[in-house]
Amino acid sequence: MQKRVRLALLLIPILLAVVPCILALVVNGGVEPTWYLITGISVVLAVLAAIVLIRMIAVPLERLTETAKHISEGDLTRRLDYLNRTDEIGAMANQYQRMVDHLRGIITSIRDTTNQVVTTSERLSAGAKQTVDTIGQVNGALQEIAAGSERQLSELEGGAQGMGEMSRQASQMSEQIVNLTETMEKTTAAAEEGNSSVLSVVEKMERIQQTVDELGEVIQTLGEHTANIGGIIEVITGIAQQTNLLALNASIEAARAGEEGRGFAVVASEVRKLAEGSEQSAKQIAELIGSVQAEVERAVVSMEEAKQGVHEGILAVDTSGRSFSRIRKAVRSAADKMEGLVASVKEMATGTEVAKYTIQGNRQISEELASKTQTISAAAEEQLASVEEIASSAAQLAQIAEQLKVKVDKFQMDRKS
């Protein structure tokens with residue numbers, strides 16, 4: 001489409017230069033030698049004007065269209081020209097560049113340098129010499145010009161549609177960036193909430209650690225008291241054994257005393273039974289105390305392990321808290337960049353609308369030009385009978401026009417990236 005737009009822009013000045021000359025020829029009814037010179041000079045000037053017009057409008061629009069396409073595909077390695085221009089093209093180029101710079105700052109933030117896209121503007125050089133020999137040839141040329149005007153209208157319409165598509169893409173991009181910004185804000189809120197939860201967990205873990213320390217001290221004290229009870233049981237066991245021994249000796253002495261010592265023997269026997277029962281109970285208590293001491297030792301070991309686990313948990317939760325803080329800062333930084341990007345996209349959409357209106361204005365001019373060309377062509381048809389003697393050169397002019405078309409088609413340079 002861009003090649004046809006350039007061809008259409010080339011035809012406009014040529015038509016503006018050739019049509020007055022043809023009209024003068026038709027009205028005067030003859031061919032003056034000076035008109036050949038005037039027509040040739042007009043065509044050369046028109047071609048030069050067309051080149052300037054193409055470089056001012058078509059080439060920048062092509063570059064901006066190509067950049068918009070690469071942006072929609074995610075290619076941010078391009079850098080625009082025309083940033084120093086003060087017209088709508090320069091303003092739109094600056095807005096596009098600002099948008100590309102913002103996107104590059106977000107997406108390529110882990111990179112140290114960025115690639116600069118070296119672009120070269122295509123230069124269209126065309127030279128044409130037209131010699132009007134007959135009104136017939138003029139009529140044929142006018143028919144070609146009329147057809148070219150129709151194609152120009154079609155291509156300008158396509159250009160307007162392309163600018164509309166660019167505007168729509170910019171709007172969609174703006175909506176997507178707004179949605180992404182909202183998501184980042186939600187992520188920031190979630191990170192802050194997670195950070196608060198982590199701080200709360202750290203505080204509770206510290207309280208648990210304090211409670212575990214206190215419980216360890218209590219268990220240690222319990223172990224000490226249990227050890228003391230074990231010592232007391234040993235004393236009781238010794239007393240019971242001694243009492244049992246004394247009761248046995250008393251029974252022996254009562255047996256020696258005969259009938260008089262029988263009552264004493266009964267008392268000694270009862271005392272011995274009580275001593276044996278006390279010793280047995282002391283042994284059971286000692287066993288229970290031993291079991292309690294073993295459980296207390298295991299409790300002490302478990303408490304130490306719990307204290308270590310709580311300490312490691314505090315360290316892990318503290319690490320998570322620092323991670324949440326880093327996430328919150330990173331998301332906040334990205335959200336700030338997104339806000340600047342939204343503003344750039346909106347400015348880009350505004351510049352695209354201005355360019356679309358400019359293209360529509362050019363289309364109106366082309367419509368007027370096509371109408372005038374049709375009028376001149378009708379007048380040339382009426383005068384065709386009086387200039388049949390120069391119809392023989394029509395084939396030569398057609399050949400020249402075909403050669404010119406081939407040469408113009410070759411003036412297309414490959415885009416370098």
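Counting in the numbering used here, the sequence shown runs from 1 upward without gaps.
Every residue, glycine too, gets a C-beta built ideally from N, C-alpha and C.
Keep in mind the model is a prediction, meaning the values are calculated, not measured.
Measure the beta-carbon distance from Tyr96 to Leu64 and round it to whole angstroms, keeping in mind my assumption that it falls under 8 Å. For this step, residue 96 is matched to residue 96 along the sequence shown. For this step, residue 64 is matched to residue 64 along the sequence shown. Confirmed, Cβ separation roughly 6 Å.
Quick check on DSSP: helix, strand or coil for Thr319? Locating residue 319 in the sequence shown gives position 319, where the first residue counts as 1. In this structure, Thr319 counts as helix in the three-state DSSP scheme.
From Gln308 to Arg298, what distance separates their C-alpha atoms? Within the sequence shown, numbered from 1, the residue matching residue 308 stands at position 308. Within the sequence shown, numbered from 1, the residue matching residue 298 stands at position 298. For Gln308 and Arg298, the distance between alpha carbons rounds to 15 Å.
If you run the structure through DSSP and keep just helix, strand and coil, what is Thr86? The residue given as residue 86 occupies position 86 in the sequence shown. Coil.
Please report the straight-line C-alpha distance between Ala91 and His102, rounded to a whole angstrom. Working through the sequence shown from its first residue, we reach residue 91 at position 91. Working through the sequence shown from its first residue, we reach residue 102 at position 102. Rounded to whole angstroms, Ala91 to His102 spans 17 Å at the Cα level.
Rounded separation between Leu48 and Thr86 - CA only: As a working note, residue 48 is residue 48 in the sequence shown. As a working note, residue 86 is residue 86 in the sequence shown. The alpha-carbon atoms of Leu48 and Thr86 are separated by roughly 22 Å.
Gln284 to Thr221, Cα distance in whole Å? Here residue 284 refers to the residue found at position 284 when the sequence shown is read from its first residue. Here residue 221 refers to the residue found at position 221 when the sequence shown is read from its first residue. Each residue's alpha carbon lies about 23 Å from the other.
For Thr319 and Arg207, the rounded distance between their alpha carbons: Working through the sequence shown from its first residue, we reach residue 207 at position 207. Working through the sequence shown from its first residue, we reach residue 319 at position 319. Going by the C-alpha atoms only, they are around 18 Å apart.
Measuring only the C-alpha atoms, how far is Ser291 from Gln280? Looking up residue 291 in the sequence shown gives position 291. Looking up residue 280 in the sequence shown gives position 280. The straight-line gap from Cα to Cα measures roughly 17 Å.
Please classify Glu287 as buried or exposed, where buried requires at least 16 neighbouring CB atoms within 10 angstroms. Position 287 of the sequence shown holds residue 287. By the neighbour-count criterion, in which 16 or more other beta carbons inside 10 Å mark a residue as buried, Glu287 falls on the exposed side.
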